[in-house]
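The block underneath contains the structure these notes are about, expressed in C-alpha cells.
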C-alpha cells in the first residue's frame with residue numbers, strides 16, 4: 008500500500024453490498040459490521056455501495072425506506088423487543104443484537120451509496136463519490152476543473168432510487 012502511495016497512486020476502497028441484505032435485518036447488520044471492520048482495518052478512503060437497488064423489491068419488502076439503509080440510522084429499530092411468541096433464538100440473542108447495533112452507531116462511520124449498473128446516472132454518481140474520496144477532483148497531473156464541476160453537483164441518488172425502482176414510497 009505504501010509503495011502505491013509513494014508512486015502517487017490515488018487509492019480508494021469500494022465495498023459492494025448486494026441490496027437484498029436490506030430485506031433481512033440480520034444480514035443487513037452483518038453487512039454493516041463487515042463494512043465497519045474493513046473501514047477500520049484498511050488505511051484508505053472507503054466507499055460503501057448498495058448494489059442492485061433496482062431489484063430491491065424483488066427480494067422482498069423492506070421494513071424501512073431506502074434512506075434508513077443508506078444513512079445507517081438507528082439500527083435498534085431493526086430488532087424490536089422480543090415477545091412471548093418470539094423464537095427462543097430471538098429472545099436469547101436480543102441483547103447481543105442490541106450491543107452490535109450500539110457498536111455500529113457509536114462509530115457512526117458507515118453509510119452507503121446506491122448503484123444500479125444499468126443506470127448511467129447512478130454509475131456516474133458513484134464515480135463522482137470515488138473521485139471526491141480519492142482526491143481526483145482537486146486536479147493535479149491528470150485532474151481537471153471539469154471533473155470538479157461534475158463532482159460538486161447535487162446528489163439526488165436516493166430520491167432517484169425511490170422514483171425508479173421502489174413502489175412502496
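Numbering (the working numbering), first residue to last: 8 to 176.
All residues carry an ideal CB built from backbone N, CA and C; glycine is no exception.
Check your understanding: Where does residue 18 sit, in a helix, a strand or coil, going by DSSP?
Key -> Start at 1 with the first residue of the chain shown, and residue 18 comes out as number 11. DSSP places residue 18 in coil when its eight states are reduced to three.
Exercise. Work out the CA separation of residue 117 and residue 12 for me, nearest whole Å.
Key: Residue 12 sits at position 5 when you count from the first residue of the chain shown. Residue 117 sits at position 110 when you count from the first residue of the chain shown. Roughly 24 Å between the two C-alpha positions.
TODO: Have a look at residue 33 and residue 140 and give me their C-alpha separation to the nearest angstrom.
DONE: Along the chain shown, read from residue 1 onward, the residue named residue 33 stands at position 26. Along the chain shown, read from residue 1 onward, the residue named residue 140 stands at position 133. The straight-line gap from Cα to Cα measures roughly 29 Å.
(Q) For residue 74, count the other beta carbons within 10 Å of its own beta carbon; 16 or more makes it buried, fewer makes it exposed. Which is it? (A) Looking up residue 74 in the chain shown gives position 67. So residue 74 counts as exposed.
- Task: Pull up the distance between the alpha-carbon of residue 52 and that of residue 136, whole angstroms please.
- Result: Counting from one through the chain shown, the residue named residue 52 turns up at place 45. Counting from one through the chain shown, the residue named residue 136 turns up at place 129. Whole-angstrom Cα-Cα distance: 11 Å.
State the start and end residues of the unbroken alpha helix (DSSP H) segment that holds residue 58. In the chain shown, the residue the question calls residue 58 occupies position 51. First-last for residue 58: 53-58, but that is the beta strand (DSSP E), not the alpha helix (DSSP H).
Beta-carbon separation of residue 43 and residue 114 under 8 Å?
Residue 43 sits at position 36 when you count from the first residue of the chain shown. Residue 114 sits at position 107 when you count from the first residue of the chain shown. Yes.
Beta-bridge pairing of residue 24 - partner residues as DSSP gives them
On the chain shown, residue 24 is found 17 positions in, with the first residue counted as 1. Partner residues in the beta bridge of residue 24, as assigned by DSSP, are 57.
Nearest-angstrom Cα distance between residue 54 and residue 22?
Looking up residue 54 in the chain shown gives position 47. Looking up residue 22 in the chain shown gives position 15. If I take the Cα positions, the gap works out to 6 Å.
**Item:** Within 8 Å, strictly: CB atoms of residue 76 and residue 16
**Value:** Mapped onto the chain shown, residue 76 falls at position 69. Mapped onto the chain shown, residue 16 falls at position 9. No, Cβ-Cβ distance for residue 76 and residue 16 is not below 8 Å.
Practice item. Leaving aside the five residues before and after residue 104 along the sequence, list all residues of the same chain whose C-beta is less than 6 Å from its C-beta, in chain order. Key: Working through the chain shown from its first residue, we reach residue 104 at position 97. Correct list, in chain order: 86.
Exercise. Please report how far the alpha carbon of residue 31 lies from the alpha carbon of residue 9, in whole angstroms.
Key: The count along the chain shown starts at 1 and reaches residue 31 at position 24. The count along the chain shown starts at 1 and reaches residue 9 at position 2. Whole-angstrom Cα-Cα distance: 38 Å.
(message) Taking the straight line between their C-alpha atoms, what separation do you get for residue 58 and residue 126?
(response) Position 51 of the chain shown, counted from the start, is the residue given in the question as residue 58. Position 119 of the chain shown, counted from the start, is the residue given in the question as residue 126. Going by C-alpha positions, residue 58 is about 11 Å away from residue 126.
So, helix, strand or coil for residue 121, using DSSP? Position 114 of the chain shown, counting from 1, holds the residue named residue 121. Strand.
Please go through the segment 85-114 and give each complete beta strand (DSSP E) segment of 3 or more residues, from N-terminal end onward. For the segment 85-114, not a single whole beta strand (DSSP E) run of length 3 or above is found.
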